[in-house]
Every structure is written in structure tokens, then in C-alpha cells.
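Plus 238 on top of the position in the sequence shown (first one is 1) and you've got our numbering. Worksheet for the structure shown next.
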Amino acid sequence: MTATVYVPGDSAARSVGADDVAHEVARIAASRNEGVGIVRNGSRGMFWLEPLLEVVTPSGRIAYGPVASEDVAGLFEAGLLTGGAHRLCLGPTDEIPYLKKQERLTFARVGITDPLQVAEYEAHGGLAGLRAALGMVPRDIVEEVVRSGLRGRGGAAFSCGIKWRTVLGAEALPKYVVCNADEGDSGTFSDRMIMEGDPFLLLEGMAIAGLAVGATQGFIYLRSEYPDAERTLGLAIAAARAAGLLGDNLLGSGRMFDVEVRRGAGAYICGEETAMLESLEGKRGMVRPKPPLPALEGLFGLPTAVNNVITLASVPAILDKGAQYYANYGMGRSQGTLPFQLAGNIKRGGLVEKAFGITLRELLYDYGGGSASGRPIRAVQVGGPLGAYLPESRFDTPLDYEAFAAAGGMIGHGGVVVFDDTVDMAKMARYAMEFCAIESCGKCTPCRIGSRRGVEVIDQIRAGQKPAANLALLRDLCDTMTHGSLCAMGGLTPAPVLSALHHFPEDFGALPGGKVS
Ligand SMILES: Cc1cc2nc3c(=O)[nH]c(=O)nc-3n(C[C@H](O)[C@H](O)[C@H](O)COP(=O)(O)O)c2cc1C
Ligand code: SF4
């Protein structure tokens with residue numbers, strides 16, 4: 239009898255030794271003459287337990303973790319292959335509270351299936367959305383996505399369906415689907431986990447997007463620091479072509495759609511959609527003024543649906559189960575689920591897919607278990623490097639786009655970066671300006687020059703030089719950047735700076751409200 243053992247091949251697990259564990263499982267199984275089939279699955283998203291090894295037993299999958307290669311011999315001795323008791327045994331994987339309480343629509347298969355087996359993808363519900371879309375006219379696909387309430391998961395939260403409606407209505411041909419997989423936000427990894435853990439889901443979502451807007455070619459603009467995802471996507475695209483999920487005869491329908499991967503240029507601004515299109519065209523990643531919208535004049539000046547990985551990966555379930563099914567999750571105008579990513583100083587970092595409406599406090603304490611250092615959590619930055627810093631008084635705000643914005647925050651791509659009470663918030667404000675200065679594309683003055691001046695002014699404030707005058711200057715500078723920048727890079731950099739000053743004035747040597755006595 240051959241036992242099946244899962245050892246994640248995801249880069250998060252590999253970075254903490256999953257390859258060594260997989261080799262050791264194979265070596266010891268061979269030395270003991272025990273039949274073992276090893277599947278390199280995606281990560282379950284519980285990073286403090288990686289490498290998380292699972293074994294298939296008659297009563298379901300049993301998890302062990304975190305497993306080091308030195309533990310493997312002992313695990314075999316303890317009866318690993320039949321789910322034997324061991325100090326690293328976590329019981330049935332599905333019963334681990336962190337996983338059990340999630341609402342995994344987009345991540346439904348991640349960690350469960352072999353990411354590169356199309357047959358397994360299909361056996362676990364894959365391709366049903368594409369099949370449904372192939373039986374619909376483009377307008378109906380678009381309207382189904384509009385009704386689902388799906389909003390862009392890349393940051394701006396614009397309605398996916400309405401964007402697609404614009405591309406569908408554009409007259410120029412050909413049209414393109416471009417997947418934004420640049421994933422530059424600090425503390426984010428959900429795009430990577432999908433690409434490494436369930437790549438066919440993204441390809442299926444892109445094919446549906448192509449059918450919806452009338453495009454036959456898609457591109458994935460992939461973050462250059464994701465070599466594992468690049469390799470997995472390459473293999474997945476080849477397997478998808480062989481199985482008719484991509485190519486010139488989609489699932490035997492006679493319809494066409496194909497995908498190519500393009501490696502990103504390694505700059506944060508290349509995630510901004512117009513800079514990304516420039517980069518895809520082979521040019522330096524500089525922001526283009528809008529209008530024209532990429533939906534009308536995008537890649538090579540042609541109509542282009544630009545969407546984030548998670549947006550596209552959310553689409554198959556909508557086509558399969560219906561717009562209403564998806565819209566039943568969430569609250570207000572934030573419908574569906576979002577894979578939140580817990581990072582920074584947090585005990586249980588990882589991926590938590592939940593319906594909108596969960597609070598930061600639930601994420602930080604019920605899932606995250608508090609700070610990794612054991613000290614009080616002082617500040618949280620949600621939504622990447624351009625997101626505001628929030629103090630504990632905001633932790634009960636529901637994570638819904640509108641409610642969170644009203645509380646001064648931005649959900650963005652769902653990254654949550656945690657800081658304990660040793661953080662110096664004036665230093666973090668300086669870092670926000672410095673990041674902007676380094677990553678600015680340089681096209682407009684408020685961002686290019688303003689961010690450099692911002693670093694200098696914060697340095698002077700931190701050194702206690704003319705604090706009142708310099709704080710006034712900092713506010714002025716932020717106002718100019720907010721209102722005068724061409725894109726959200728310069729436009730939103732003031733958010734982390736001003737929120738740090740507003741909520742943590744003492745770190746700037748100021749009084750509440752940011753004033754100096
Ligand atoms: C500075 C900057 C960086 C961005 N980086 C990313 C990114 O890495 N990935 C992404 O999907 N969107 C990013 N965006 C948002 C994109 O411009 C765009 O809104 C998004 O790709 C559209 O897809 P969606 O509607 O599915 O979210 C960034 C925006 C800005 C201003
Ligand atoms: S705000 Fe910054 S990144 Fe955006 S266009 Fe201006 S210089 Fe470029």
C-alpha cells in the first residue's frame with residue numbers, strides 16, 4: 239500500500255526547509271521499504287507551522303508541524319503513515335481552528351490539491367466556472383460579475399464587472415487581459431500563494447475574463463522576486479494548454495484564449511497599472527496620465543482589462559455558483575471574501591480568507607494570537623506601504639472598504655503588518671517618505687521632490703530642530719503631495735506619515751493633534 243504524504247512546495251514552506259523534509263521523507267520511506275507518494279501541495283497559509291506535513295488516513299488528513307528534517311525519522315517511528323501520535327501532531331488539518339473558522343472561496347483548493355494536476359483541479363470543482371461562461375454571451379458574463387459585487391483586489395477596489403463592461407464596449411481590436419501579479423505591497427503574499435498553490439484557478443479566471451471582454455490573449459505581469467511562482471506558472475500553462483483549458487479550442491468549444499508570463503521590472507511603481515503597461519511594452523515603468531483609461535487604451539494602446547490575481551481568481555466561483563452566492567458573503571458594498579495576510583510582529587502569521595466585515599482585532603488576536611514578541615500591539619499598517627498606521631482605538635472597525643476608509647484606513651490588497659510598542663512611529667513616517675523617494679517614477683514634482691523634502695523635514699523634527707515650523711512644513715508638503723501627485727504613489731504617501739503624526743504625536747515630540755507646546 240502506498241501512503242500519500244503532502245509536503246508544501248510553496249516558497250514560504252521551502253524557505254524554512256520543506257525541500258529537505260520532502261527528501262528525508264522519501265529517503266526514510268525507502269530505507270524502511272514503505273511505499274510513500276509525496277505531493278508538493280500549496281501552503282495552507284499557517285506559516286508558523288511550516289513545513290506542515292500532512293498524511294492521508296482513513297479519517298482524513300492528519301497534520302504535523304513545524305517539521306524539521308531531523309524530525310522525520312522520529313515521525314516514522316511514531317507511525318506517521320497512519321497518523322500516529324507525536325509531539326508535532328496537530329490532528330486533522332481541517333480541524334485546526336485557524337483554518338476551520340475561515341471562509342475559503344478563492345483559496346478553497348490551496349493546500350488541498352496538487353497544484354499541477356488538471357484532473358485533480360477538475361475533481362475539486364475546477365473548470366465549472368469556465369464551462370458556465372462558455373455557455374453564455376459576453377454581456378451576460380460581465381453582468382453576472384457586476385451583480386456579484388466583486389471589486390478589484392489590487393488596491394483601488396473598483397468594480398470588476400463595470401471595468402469589464404467598458405472593455406467589452408470598446409470598439410478597437412484586439413483586446414487584452416492583463417493580470418497584475420506584481421504584488422509589491424509590504425506584508426502581502428496572497429497572489430503568490432494562488433500562483434504557486436492553485437495556478438489553474440488564475441488561468442481559468444483569465445480565460446473567463448477573455449470570454450467576457452472579447453480578448454484572446456492574456457499576460458501575467460509577474461513580480462520579478464517570485465521565481466517559484468514563475469516556474470509553477472510555466473508548468474501550469476503547459477498543462478493547461480494540453481488539457482484545453484488554454485489554447486485555440488477552450489474545452490472543445492472552438493473559442494480561443496492563451497496566456498503568457500512576463501517578468502516584472504522589480505520596481506514598486508511597476509504595480510501601478512499604467513506603469514505596468516509601459517513596462518509590459520518594454521519601456522521604463524513610468525506612470526501614464528489617466529484618461530485614457532487602460533480599459534479603452536491600455537496595452538499597446540488597445541482595450542485592456544487589467545486585474546489583480548485575486549480579482550481574477552475570485553471569478554470562477556462566481557460563474558460556477560452564481561453572483562448571489564458570492565454576494566451573500568460580506569457587508570455593505572464590500573461583497574465576497576478577502577484573503578487577509580498577517581505579517582510583521584505577529585505570533586501566527588499567514589493567510590486568513592474571511593468575508594468582509596471581520597475586525598482587525600479578530601484578525602490580530604483570534605487568528606494572529608497577538609504579537610510574536612509578546613508585547614502589546616501598538617500600531618498596524620493595513621493596505622501596503624501607502625496605508626495608514628492605525629492605533630488600538632481603531633481595531634474594532636469592520637474591514638469593509640467604506641467603514642475602514644471612514645476610520646482613516648485603506649484595505650488595499652489586504653496586507654496587515656503588525657508593530658509592537660517598541661516601534662518608533664516618527665521613524666516609520668520617515669520610512670514612508672524614504673520609500674516614496676526611492677520608488678517614485680519621477681514623472682511629477684510633488685512626489686519626486688516632495689518625498690525627498692519629506693525625509694529631510696522628518697529628520698529635522700526627530701532631531702528637535704524648529705519642531706513647530708517643521709511640523710507645519712510637513713503638513714504643507716503632505717497637502718501638496720496629496721493633491722498634486724499624478725498617481726496614488728505620491729498621492730497616498732502622506733497617509734502613513736500623517737496617521738503616524740495624528741495617532742502617535744509623542745513620537746514626534748508633539749502633543750495630541752500633532753501640535754508642539
Ligand atoms: C504605486 C502603486 C502600486 C500598485 N501595485 C499593485 C500591485 O502590485 N498589484 C496590483 O494588483 N495592483 C497594484 N496597484 C493597483 C493597480 O494600479 C490597479 O488598480 C490594479 O491592478 C487593478 O486591478 P483590480 O481592479 O483587479 O484591483 C498599484 C497601484 C499603485 C498606485
Ligand atoms: S506620483 Fe510619483 S510615482 Fe506617481 S506619477 Fe508622480 S512621480 Fe510617478
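Backbone N, C-alpha and C define an ideal beta-carbon position, used for all residues, glycine too. Quantities reported herein were computed from a predicted structural model and do not represent experimental measurements.
Here Pro732 is not bridged, per DSSP, to any residue.
Taking all protein chains in view, the Cβ of Leu473 is surrounded by fewer than 16 other Cβ atoms within 10 Å, so the residue is classified as exposed.
Phe594 has its Cβ no nearer than 7 angstroms to any heavy atom of ligand 1. Here the distance from the Cβ of Ile507 to the nearest heavy atom of ligand 1 is below 7 angstroms.
When Cβ pairs closer than 8 angstroms are counted between the two stretches, the segment 434-441 is seen to touch the segment 348-365, the count reaching three or more. Residue Ala447 holds the alpha-carbon nearest to the alpha-carbon of Cys398 among Ala447, Pro623, Cys679 and Glu442. With respect to the 8 angstroms criterion, Val693 and Leu715 are not classified as neighbours on the basis of their beta carbons.
Annotation: the continuous beta strand (DSSP E) that includes Glu292 extends over Leu291 to Thr295. Spatial neighbours of Cys685 in its own chain (CB-CB distance under 7 angstroms, excluding positions within 5 residues in sequence) are listed in chain order as Cys674, Ser678, Met719, Ser723, Met727 and Gly728. In this structure, Ala726 has its CB closer than 7 angstroms to one or more heavy atoms of ligand 1.
The way I'd put it, the segment 422-435 doesn't touch the segment 564-574; fewer than three beta-carbon pairs between them come closer than 8 angstroms. Taking each of Glu333, Ile699, Pro376 and Arg391 in turn and checking the Cα distance to Gly407, the smallest one comes out for Pro376.
In the DSSP annotation of this structure, the continuous segment of the alpha helix (DSSP H) that includes Gly722 starts and ends at Pro705 to Gly722. DSSP, reduced to helix, strand and coil, places Gln340 outside both helices and strands of the structure shown, so it counts as coil. Of Gly456, Asp558 and Arg586, the smallest CA-CA separation from Thr344 is found for Asp558. Secondary structure in the segment 534-565: the alpha helix (DSSP H) runs of 4 residues or longer, each lying completely within the stretch, are 547-559 and 561-565 in chain order. Taken atom to atom, the span from the alpha-carbon of Asp604 to that of Gly702 is near 40 angstroms. Per the C-alpha coordinates, the member of Ile615, Leu624 and Gly622 positioned closest to Arg632 is Ile615. In this structure, Cys398 has its beta carbon at no less than 7 angstroms from each heavy atom of ligand 2.
Judged by DSSP secondary structure, Val259 falls within the alpha helix (DSSP H) whose first and last residues are Ala256 to Ser269. In this structure, the C-beta of Arg686 approaches ligand 2 to less than 7 angstroms from one of its heavy atoms. In this structure, DSSP gives Phe633 a state outside helix and strand, which the three-state scheme calls coil.
Under DSSP, Asn418 forms a beta bridge with Tyr459 and Asn546.
In the DSSP secondary-structure assignment, Val656 is bridged to Gly582 and Val618.
A contact between stretches requires three or more CB pairs, one per stretch, nearer than 8 angstroms, and the segment 657-673 fails this requirement with the segment 634-647. Following the DSSP letters along the chain, one finds Lys592 in no alpha helix (DSSP H) but inside the beta strand (DSSP E) bounded by residues Gly588 to Ala593. Annotation for Asp257 indicates a beta carbon at 7 angstroms or more from all heavy atoms of ligand 1. The segment 270-287 and the segment 578-597 touch, with no fewer than 3 CB-CB distances between them shorter than 8 angstroms. Distance from the Cα of Arg299 is smallest, within the candidate group Ala306, Glu272, Ala581 and Gly329, for Gly329. The segment 544-558 makes contact with the segment 375-391: 3 or more CB pairs, one atom from each, lie closer than 8 angstroms. Taking C-beta separations shorter than 6 angstroms and ignoring five residues to either side along the sequence, the partners of Glu498 in its chain run Phe457, following chain order.
Looking at Thr404, Gly653, Gly482 and Leu489, the one whose alpha-carbon comes closest to that of Val544 is Thr404. With a beta-carbon spacing of about 6 angstroms, Val416 and Thr542 fall inside the 8 angstroms limit used to define contacts.
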